[in-house]
Amino acid sequence: DPHVNAFFQQCHKREKDMSQSPTSNFVRSCKNLLNVEKIHAIMSFLPIILNQLFKVLVQNEEDEISTAVTRVLTDIVAKCHEEQLDHSVQSYIKFVFKTSACKERTIHEELAKNVTGLLKSNDSTTIKHVLK
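Residue numbers 1 to 132, in our numbering, belong to the letters of the sequence shown in order.
Pasting the structure below:
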């Protein structure tokens, strides 16, 4: 899938210089993951994609980027739910997910902060995905 490929290319570029904030191209590649037509393209790389998104969530200090990443995370999980692929998300959480922190910022804190922001949005689809 070209969107998944573009995301991985942006992740590779980002790995070279983690001291910089994510570029607009990186954020666009994250958002474009939502345009993947078949969830199975994401499922093939689910642990890697989620790990990259969680890493950006705690290493980034810009609210706009954190909100975008949280939205992508919630939409991916919602798509998994819609396709009865909950077991893949549960397996990721049980066997792969590692909570981490960067500069005193934890994944759980960042998710909580950004999920509340998503719930305040006017986008009913986003709110529905967050609540799922």
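Yeah, the Cβ is synthetic: ideal placement off N, Cα and C, and Gly gets one too.
Considering only their Cβ atoms, is the gap separating Ser21 from Lys55 smaller than 9 Å?
As a position in the sequence shown, residue 55 is number 55, starting the count at 1. As a position in the sequence shown, residue 21 is number 21, starting the count at 1. No, Cβ-Cβ distance for Lys55 and Ser21 is not below 9 Å.
Span of the alpha helix (DSSP H), counted from its first residue to its last, around Phe7:
Looking up residue 7 in the sequence shown gives position 7. First-last of the alpha helix (DSSP H) with Phe7: 2–16.
Am I right that Ser141 and Met18 are in contact with their C-beta atoms under 8 Å? What's the rounded C-beta distance?
Look at the range of the chain in this structure, 1 to 132, and you will see that residue 141 is not part of it.
Please find out if some non-hydrogen atom of the ligand HEM comes closer than 8 Å to the beta-carbon of Ile42.
Absent from the structure shown: the ligand HEM. Ligands present: none.
Thr23 in three-state terms, based on DSSP
Translated into the one-based positions of the sequence shown, residue 23 becomes position 23. Correct three-state label for Thr23: coil.
With distances taken from CA atoms, which of Tyr92, Ala41, Val130, His40 is nearest Val69?
Here residue 69 refers to the residue found at position 69 of the sequence shown. It is Val130 whose Cα lies nearest to the Cα of Val69.
Segment contact flag, the stretch 21–33 with the stretch 90–100, C-beta cutoff 8 Å, min 3 pairs:
no
Measuring straight from C-alpha to C-alpha, what distance separates Arg14 and Ala6?
For the purposes of this step, residue 14 is taken as the residue at position 14 of the sequence shown. For the purposes of this step, residue 6 is taken as the residue at position 6 of the sequence shown. The straight-line gap from Cα to Cα measures roughly 12 Å.
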